[in-house]
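Asks: Residue numbers for the sequence shown, in the UniProt record's numbering: 10 to 344.
Positions of the beta carbon are idealized from the N, C-alpha and C atoms, including for glycine.
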Amino acid sequence: DGYVVAVVGATGAVGQTMLEILAERKFPISDLIPVASSRSAGSSIEYMGKEYIVQDLETFDPAGVDIALFSAGGDTSRVHAPRFAAAGCYVVDNSSAWRMDENVCLVVPEVNPHALEMARENKIIANPNCSTIQMVVALKPLHDAVPIERVVVSTYQAVSGAGGKAMDELAKQTGQLLNAQSADVNVFPARIAFNVIPHIDVFMEDGYTKEERKMMDETRKILESDIAVTATTVRVPVFYGHSESVNITFDGPMNAEKARTILSDAEGICVVDDPAGEDYPMPSEAAGTDPVWVGRIRDDNSCANSLHLWVVADNVRKGAALNAVQIAEILISQS
Ligand code: A2P
């Protein structure tokens, strides 16, 4: 026994990791249904040593599905998540489609599990943006100790956040450039190999990108606070693992020593912060792991009650697939 679980986008970068994490964590599944577009419908994928046939989302009937984990893009979620919800199925949606909808909760299990209450009725739960998730895991325990006034964040985001084709593009361009060929640019707005691109998602009228806007709006919604947040989001030639430089100003006494103690005790966080031993979090080490890694914890000498943190996590795991599976685990523990 167990639950009927559909993974929508099962052939994608996040969907594949969702399957791995469901298996790793022994999620109680009675039937697994991989779903994707008509392009891959009919092909088979493996889950815990068994083959499953990929279903076409357009024609798939969600009746009988208990939980669907969606990671197939915003347009797909906008159309199909309500259809699954209407059939009585919980939808944990990794796209940005529903995140800021006031009737939909936006959940990070370590931060605001209570928000899931709202999903009892409308059945759709939004998984936050990958960069937002790892940042709020680090902010929450500090904010509980001393309210945060303002956050300034700059990100160094891996290409896996843009999906499988984006990872192929970094690999291909790297090969092309090392072989003195010109790089084919298809997925990203500019060459990503041996480069850094300060542009993720589309530009908006105020000069911010939508990725930056997501970090600012989602952080406030998740922390249920109107703290000031400003972000610069940047793509770097790394396959897995987002890094963030986070500068925080508090509304009262806070310092690095106090923050280090709080973060060391916090759920879902590993502190690695030993300048003498040249030890600090890096994507090369965070990739494939579950925690949010925090280091370079230091007082901001330019401003009272202010800190710097360096925050790294596997963007496909904690930033997407793992967070979604953790949400599903809470849903079944309450049912
Ligand atoms: P498919 O493999 O059939 O194209 P990634 O983020 O790695 O690019 O993966 C995107 C995932 O979302 C894939 O599983 C892809 O399926 C799926 N997908 C994309 N568009 C649709 C759609 N219109 N309907 C269903 N699944 C989709």
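1. Less than 8 Å between the C-beta atoms of methionine 27 and serine 80, yes or no?
2. Can the beta-carbon of proline 71 be found less than 8 Å from the beta-carbon of arginine 92?
3. Give every residue of the same chain whose Cβ lies closer than 7 Å to the Cβ of glutamate 221, excluding the five residues on either side of it in the sequence, and list them in chain order.
4. Which residues in the same chain as serine 40 place their Cβ atom closer than 7 Å to its Cβ, once the five residues preceding and following it in sequence are excluded?
5. Are the beta-carbon atoms of valine 113 and tryptophan 107 separated by less than 8 Å?
6. Between valine 168 and the ligand A2P, is the CB less than 7 Å from at least one heavy atom?
7. Taking contact to mean 3 or more Cβ pairs, one atom from each stretch, closer than 8 Å, check whether the stretch 306-313 and the stretch 144-164 are in contact.
8. With 16 other CB atoms within 10 Å as the buried threshold, where does serine 252 fall?
9. Can you name, in chain order, every residue of its own chain whose Cβ lies under 6 Å from the Cβ of leucine 340, other than the five neighbours on each side?
10. Could you work out which residue in Glu29, Gln166, Ile134 and Val321 is closest to proline 246 when comparing CA atoms only?
11. Which residue's Cα is closest to the Cα of proline 37: Asp75, Thr20 and Met144?
12. Verify the contact flag: leucine 66, CB atom, against every heavy atom of the ligand A2P, threshold strictly below 7 Å.
13. According to DSSP, simplified to helix, strand and coil, what is isoleucine 30?
14. Is the Cβ-Cβ distance between isoleucine 209 and arginine 159 less than 8 Å?
15. Taking only three categories from DSSP, how would you classify serine 342?
16. Assign isoleucine 209 to one of three DSSP states: helix, strand, or coil.
17. Would you say the stretch 174-194 touches the stretch 250-265, given that touching needs at least three Cβ pairs under 8 Å?
18. Buried or exposed: alanine 285, going by 16 or more other Cβ atoms within 10 Å of its Cβ?
19. Looking only at its chain, what residues have a beta carbon closer than 8 Å to the beta carbon of aspartate 274, apart from the 5 residues adjacent to it on each side?
20. How many angstroms separate the CA atom of isoleucine 231 from the CA atom of alanine 189?
21. Under a three-way DSSP split, which group does isoleucine 201 fall into?
22. With a threshold of 7 Å (Cβ to nearest heavy atom), would glycine 83 be considered close to the ligand A2P?
23. Do you know offhand how far serine 86's Cα is from aspartate 102's?
24. Pop quiz: glycine 250 and aspartate 323 are said to be a contact at Cβ under 8 Å. What is the actual Cβ separation, rounded to whole angstroms?
25. In the DSSP output, what is glutamine 166 paired with across the bridge?
26. Between arginine 92 and the ligand A2P, is there a pair consisting of the residue's CB and a ligand heavy atom that are separated by less than 7 Å?
27. Which one of Arg34, Phe69, Gly82 and Arg48 has the shortest CA to CA distance from residue 360?
28. Taking all protein chains shown into account, decide if arginine 326 is buried (16 or more other Cβ within 10 angstroms of its Cβ) or exposed.
29. Helix, strand or coil, according to DSSP, for alanine 330 in the structure here?
30. Consult DSSP for threonine 20 and reduce its assignment to one of helix, strand or coil.
31. Specify the secondary structure class of valine 155 as computed by DSSP and reduced to three states.
32. Which parts of the stretch 218-299 are runs of the alpha helix (DSSP H), unbroken and 4 residues or longer, counting only runs that do not cross its ends?
33. Less than 6 Å between C-beta atoms, sequence neighbours within five positions excluded: which residues of the same chain meet that for glycine 261?
34. Expressed to the nearest angstrom, what Euclidean distance is found between the alpha-carbon atoms of residue 350 and isoleucine 54?
35. Given a cut-off of 8 Å, decide if methionine 224 and valine 162 are closer than it, judged by their beta-carbon atoms.
36. Is any heavy atom in the ligand A2P found nearer than 7 Å to the beta carbon of valine 334?
Replies: Taking the geometry as given:
1. The residue you call residue 27 lines up with position 18 of the sequence shown. The residue you call residue 80 lines up with position 71 of the sequence shown. Taking 8 Å as the Cβ cut-off, methionine 27 and serine 80 qualify as a contacting pair.
2. Locating residue 71 in the sequence shown gives position 62, counting from the first residue. Locating residue 92 in the sequence shown gives position 83, counting from the first residue. The answer is yes: Cβ separation under 8 Å.
3. Mapped onto the sequence shown, residue 221 falls at position 212. Excluding sequence neighbours, glutamate 221 sits near Ala240, Thr241 and Thr242.
4. Here residue 40 corresponds to residue number 31 of the sequence shown, with the count starting at 1. Looking at the sequence shown, residue 40 is not serine but aspartate. Cβ neighbours of aspartate 40 beyond the five flanking positions: Val13.
5. For the purposes of this step, residue 113 is taken as the residue at position 104 of the sequence shown. For the purposes of this step, residue 107 is taken as the residue at position 98 of the sequence shown. Result yes, Cβ atoms of valine 113 and tryptophan 107 sit closer than 8 Å.
6. Counting from one through the sequence shown, the residue named residue 168 turns up at place 159. No, the Cβ of valine 168 stays beyond 7 Å of every heavy atom of the ligand A2P.
7. no
8. Here residue 252 corresponds to residue number 243 of the sequence shown, with the count starting at 1. Label assigned to serine 252: buried.
9. Taking the sequence shown and counting its residues from 1, one reaches residue 340 at position 331. Only Tyr99 meet the Cβ criterion.
10. Here the question's residue 246 lines up with position 237 in the sequence shown. If we check each option's Cα against that of proline 246, Gln166 comes out closest.
11. If you number the sequence shown from 1, residue 37 lands on position 28. The candidate whose alpha carbon is nearest that of proline 37 is Asp75.
12. Translated into the one-based positions of the sequence shown, residue 66 becomes position 57. Yes; taking the cut-off as 7 Å, the Cβ of leucine 66 has a heavy atom of the ligand A2P nearer than that.
13. In the sequence shown, residue 30 corresponds to position 21, counting from 1. The answer is helix: DSSP assigns isoleucine 30 an H, G or I state.
14. Residue mapping note: residue 209 aligns to position 200 of the sequence shown, counting from 1. Residue mapping note: residue 159 aligns to position 150 of the sequence shown, counting from 1. The answer is no: Cβ separation not under 8 Å.
15. Looking up residue 342 in the sequence shown gives position 333. Looking at serine 342 - three-state DSSP - the assignment turns out to be helix.
16. The residue given as residue 209 occupies position 200 in the sequence shown. Coil, per DSSP.
17. no
18. Here residue 285 refers to the residue found at position 276 when the sequence shown is read from its first residue. Classification of alanine 285: exposed, given that the 10 Å Cβ count is below 16.
19. Within the sequence shown, residue 274 is the residue found at index 265, counting from 1. Cβ neighbours of aspartate 274 beyond the five flanking positions: Pro150.
20. By one-based count along the sequence shown, residue 231 stands at place 222. By one-based count along the sequence shown, residue 189 stands at place 180. In this model, isoleucine 231 and alanine 189 are separated by some 47 Å (Cα to Cα).
21. The count along the sequence shown starts at 1 and reaches residue 201 at position 192. Three-state result, isoleucine 201: coil.
22. For this step, residue 83 is matched to residue 74 along the sequence shown. At a cut-off of 7 Å, the beta-carbon of glycine 83 does not count as near the ligand A2P: no heavy atom of the ligand is closer than that.
23. For the purposes of this step, residue 86 is identified with residue 77 of the sequence shown, where counting begins at 1. For the purposes of this step, residue 102 is identified with residue 93 of the sequence shown, where counting begins at 1. Near 7 Å, if we compare the C-alpha coordinates of aspartate 102 and serine 86.
24. Taking the first residue of the sequence shown as position 1, residue 250 is located at position 241. Taking the first residue of the sequence shown as position 1, residue 323 is located at position 314. Indeed they touch by this definition, with Cβ atoms about 6 Å apart.
25. In the sequence shown, the residue the question calls residue 166 occupies position 157. DSSP output for glutamine 166 lists Arg244 as bridge partner(s).
26. As a first step, residue 92 is located in the sequence shown; it is residue number 83 there, counting from the start. Proximity of the beta carbon of arginine 92 to the ligand A2P is not indicated: no heavy atom of the ligand is located closer than 7 Å.
27. Because the chain is modelled from 10 through 344, residue 360 falls outside the range shown and cannot be assessed.
28. Working through the sequence shown from its first residue, we reach residue 326 at position 317. Around the beta carbon of arginine 326, 16 or more other beta carbons sit within 10 angstroms, so the residue counts as buried.
29. Within the sequence shown, residue 330 is the residue found at index 321, counting from 1. Three-state DSSP puts alanine 330 in a helix.
30. Taking the first residue of the sequence shown as 1, we reach residue 20 at position 11. Coil at threonine 20, not helix or strand.
31. Reading the sequence shown from its first residue, position 146 is the one you call residue 155. It is coil, neither helix nor strand.
32. 219-232, 265-274 and 292-295
33. In the sequence shown, the residue the question calls residue 261 occupies position 252. For glycine 261, where only same-chain residues beyond five positions count, the Cβ hits under 6 Å are Val155.
34. Lying outside 10 to 344, the shown extent of the chain, residue 350 is not represented and no answer is given.
35. As a working note, residue 162 is residue 153 in the sequence shown. As a working note, residue 224 is residue 215 in the sequence shown. A contact, by the Cβ cut-off of 8 Å.
36. If you number the sequence shown from 1, residue 334 lands on position 325. No, the beta carbon of valine 334 sits no closer than 7 Å to any heavy atom of the ligand A2P.
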